[in-house]
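Take a look at the structure set out below.
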Amino acid sequence: MILSKNSKQKYSMCWLSYKPIDEIEYIREFERYLDKIVLLENNIYFQNAGNELRRALEVLFGTDLRLSNCIDANMGSGIILGKVTDERLNNFITDDEKKEVSEEGFLIKVINKNKGRYIIVASKGEKGIIYGIFHLINKIRLKTRLKELNCIEKPKAPLRIINHWDNIDGTIERGYAGKSIFFANGRIKRDYKRILDYARLLASIRINGVVINNVNVRDKAIWLITPKYLNELSKIAEIFRLYGIKLYLSINFASPIYIGGLDTADPLDKNVQKWWKDAVKTIYSYIPDFGGFLVKADSEFNPGPYVYGRTHADGANMLAEALLPYGGVVIWRAFVYNCLQDWRDTKTDRAKAAYDNFKPLDGKFSENVILQIKYGPMDFQVREPVSPLFGAMEKTNQMMEFQITQEYTGQQIHLCYLGTLWKEILEFDTYCKGKGSYVKRIVDGSLFGMRYAGFAGVSNIGDSINWTGHDLAQANLWTFGKLAWDPDKKIEDIAREWTILTFGDDKKVVDNILWMLLNSHTIYEKYTTPLGLGWMVNPGHHYGPNPEGYEYSKWGTYHRADTKAIGVDRTSRGTGYTLQYHKFWREIFDDINKCPEELLLFFHRVPYDFRLKNGKTLLQFMYDSHFEGVEMVDELIKKWEDLRGKIDDEVFNRVYERLKMQKEHAIEWRDVINTYFYRKTGIPDEKGRVIYP
Ligand code: GCV
4 MILSKNSKQK YSMCWLSYKP IDEIEYIREF ERYLDKIVLL ENNIYFQNAG NELRRALEVL
64 FGTDLRLSNC IDANMGSGII LGKVTDERLN NFITDDEKKE VSEEGFLIKV INKNKGRYII
124 VASKGEKGII YGIFHLINKI RLKTRLKELN CIEKPKAPLR IINHWDNIDG TIERGYAGKS
184 IFFANGRIKR DYKRILDYAR LLASIRINGV VINNVNVRDK AIWLITPKYL NELSKIAEIF
244 RLYGIKLYLS INFASPIYIG GLDTADPLDK NVQKWWKDAV KTIYSYIPDF GGFLVKADSE
304 FNPGPYVYGR THADGANMLA EALLPYGGVV IWRAFVYNCL QDWRDTKTDR AKAAYDNFKP
364 LDGKFSENVI LQIKYGPMDF QVREPVSPLF GAMEKTNQMM EFQITQEYTG QQIHLCYLGT
424 LWKEILEFDT YCKGKGSYVK RIVDGSLFGM RYAGFAGVSN IGDSINWTGH DLAQANLWTF
484 GKLAWDPDKK IEDIAREWTI LTFGDDKKVV DNILWMLLNS HTIYEKYTTP LGLGWMVNPG
544 HHYGPNPEGY EYSKWGTYHR ADTKAIGVDR TSRGTGYTLQ YHKFWREIFD DINKCPEELL
604 LFFHRVPYDF RLKNGKTLLQ FMYDSHFEGV EMVDELIKKW EDLRGKIDDE VFNRVYERLK
664 MQKEHAIEWR DVINTYFYRK TGIPDEKGRV IYP
């Protein structure tokens, strides 16, 4: 493992740990282009990109290239970084190519002309250059042949943002990889090297925004938007800026009361509006390219506009008005529900909350408000249906919220690669504008022609040696960035690229790790809560099995299991949740025989003797699934054991330890859940396996 040094700590650079290229033929082919790096713009962004490239090439090829500012007639060869609009590139780039390159996009072109050999990396703006550089570096590391380097890349979604749930005391809500890299003990950390390396990792997956504090904004964190912290924050913003990443902050909706001493935070109150305008003005005086606010309001005890009898549009638009003159945005979370609701009434259903709260507001949000919607209607369970809000808000900017951190998916002790699940969600056809109305086209803004759209991923990193606790969990961060840039990409390709860049291209290494990644979500689902059941975790920390553990269970168990059946009837005859979907899906979800089986218990109340498509009863399926899941963890372990000696020892052992823990905890899941069903039904396993009574 190549470790990046900083004064206090060593840590891996994940997929950016460069090693010398070992293929002589490839080195020869490439060396002919390596005379110097030409920067056609003289600014810190180009300088930084040039230095990134130079440092990488030094490791890859052992050559220390000069940085130069001019293309001279006898240049011979080199890598040229420039803006597509630069006339000096006219000889190399066609007008059509120029037109195709966007502000964040880039072009790479290999040229052999008049005995000169050049690789052009060009963009319309600065961000595209840094993305182009990392693209080139990684393509070289994948030993991509020169003739295959030519490309034009552009993002599908304009906003690609990481959300940190970092608290100002240094803890991370739902963080499983150490402490915050930004905060400690109520202060902003000055570990700029670590932040810079983080910015490099994020830029290499083309992330363009980062919210560094938790959406639950409490205590001192409320004051982050004031000069008390803004000076320090501006230094962090500066580091991120170098890598094309904007800084955003989560805010507390009641800040005018907490900080401003007002007696209300009513969004229609003139003093409140003025307070926010002044606060925003101050922020921009420290951070001129500040991205904007992320807001969790009226949810899980956070204040919001409902307190004043106002709508979420009133709340969001008030903030948006303050940010608009500076180009800032408000990202408003749709995760609004009443966690204390009494669900004994059969129509009451938490799954309906986001739609019920926001659908009536479609078209009422300002142009710079974006609604950030969790992928499913509940809360990042191992499987949920796609939130019906996608496809229901044609006049509202929308973003997809994925949880990269593995709150309900094994907390970075269990291997659970999320790319396969995310891809399924993005490929879901909402039918809102007829066939082909995919979620991916909604969150990239193209289906409804929205200016702002994109992806938010709840971060899985902390200050641990490998950033993510489980080394293989780095793949989730990588995949989030790759899908946000291009949701059409094949997940196998994304995972393969990560594997090679992180562990090298040994065939066995690649095959085994790829198998592990691509099967891991299914395995986790099998031994935890298959068929869309969800939630059977311990309350509070959400790790480990607890069949009746749903924390807001005052009104009975979440899944309402009794001796005959389990699941909530969410059909149009039941809670009415399916009515929030387009007719096409409503009819499918409503019908117990048509409903996709992996979501059966999400949508239906099902008797234990109900026969599934494979002929098994629901109960027997449950037993089998849990046994199979544990057996498949053995497969994961075996695949990893086969790689001993082929992977850096430290990394090997770290992952091995986690896999062994996974096995132990998977057995616990199997036994607790199977026992639960056995106790409920009194029906033993048909195969006579031991189920603890
Ligand atoms: C940041 C779930 C999590 C909370 C999280 C919340 C949210 O309820 O358990 O930790 O709070 O989602 O997304 O706001």
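Under the numbering used here, read the sequence shown as residues 4 to 696, first letter to last. Every residue gets a Cβ at the ideal spot worked out from N, C-alpha and C, and that includes glycine.
Note that the C-beta distance between Y553 and W538 is below 7 Å. Here K398 has D365, G366 as same chain residues with Cβ atoms under 6 Å from its own Cβ, once five neighbours each way along the sequence are excluded. Using a Cβ distance threshold of 7 Å, Q415 and A476 count as a contacting pair. Shortest gap from the CB of R177 to any heavy atom of the ligand GCV: under 6 Å.
If you check the C-beta of F458 against the ligand GCV, you find no heavy atom less than 6 Å away. Out of Y626, I676, H607, D651, the CA that lies nearest to the CA of G691 is found in Y626.
Fewer than three pairs of CB atoms, one per stretch, sit closer than 8 Å, so the segment 122-138 makes no contact with the segment 159-174. Residues of the same chain with a CB within less than 6 Å of the CB of P533, apart from the 5 flanking positions on each side, are S628 in chain order. Contact check for L60 against L68 passes: the beta carbons are separated by less than 7 Å. For Y287, the uninterrupted alpha helix (DSSP H) segment begins and ends at 273-289.
For G135, no beta strand (DSSP E) segment is defined; the enclosing uninterrupted segment is the alpha helix (DSSP H) at 129-144. When DSSP states are grouped into helix, strand and coil, S302 belongs to the coil group. In the three-state reduction of the DSSP assignment, W335 falls in the strand class. Separation of the CB atoms of M396 and L374 is rounded to 7 Å, and the pair is thereby assigned contact status at 8 Å. S288 counts as exposed, since fewer than 16 other beta carbons sit within 10 angstroms of its beta carbon. Beta-bridge partners of V609 (DSSP): I569.
Using a 10 angstroms sphere on the CB of Y695, the tally of other CB atoms stays under 16, which defines it as exposed. Note on R144: 16 or more other CB atoms within 10 angstroms of its CB, so buried under the neighbour-count rule. Between V385 and V442, the C-beta spacing is not below 7 Å. Secondary-structure assignment with DSSP links T620 through a beta bridge to R614. Nearest C-alpha to K557 among E601, D652, I290, N341: N341. Under the three-state reduction of DSSP, A160 is assigned to coil, being neither helix nor strand.
Of the heavy atoms belonging to the ligand GCV, none sits nearer than 6 Å to the Cβ of D491. For V62, the shortest separation between its Cβ and any heavy atom of the ligand GCV does not lie below 6 Å. If you look at L199, you'll find it in the alpha helix (DSSP H) that goes 195-207. In this structure, the C-beta of W168 approaches the ligand GCV to less than 6 Å from one of its heavy atoms. When C-alpha distances from P542 are compared across Y561, Y527, Y530, E528, the shortest belongs to Y561. In this structure, D301 has its beta carbon at no less than 6 Å from each heavy atom of the ligand GCV. At the C-beta level, I464 and T482 stay beyond 7 Å of one another. Going by C-alpha positions, G264 is about 25 Å away from F293.
Nearest in C-alpha terms to G189, of all of L227, R209, L199, Y201, is L227. By the CB criterion at 7 Å, I210 and G484 fall inside the cutoff.
Distance from the CA of L639 to the CA of Y659, rounded to the nearest whole angstrom, comes to 10 Å.
Within the chosen limit of 6 Å, the ligand GCV reaches the beta carbon of N219 through at least one heavy atom. Here N320 is buried, its C-beta having at least 16 other C-beta atoms within 10 Å. For G318, no beta strand (DSSP E) run applies; the uninterrupted alpha helix (DSSP H) run containing it begins and ends at 315-326, by DSSP.
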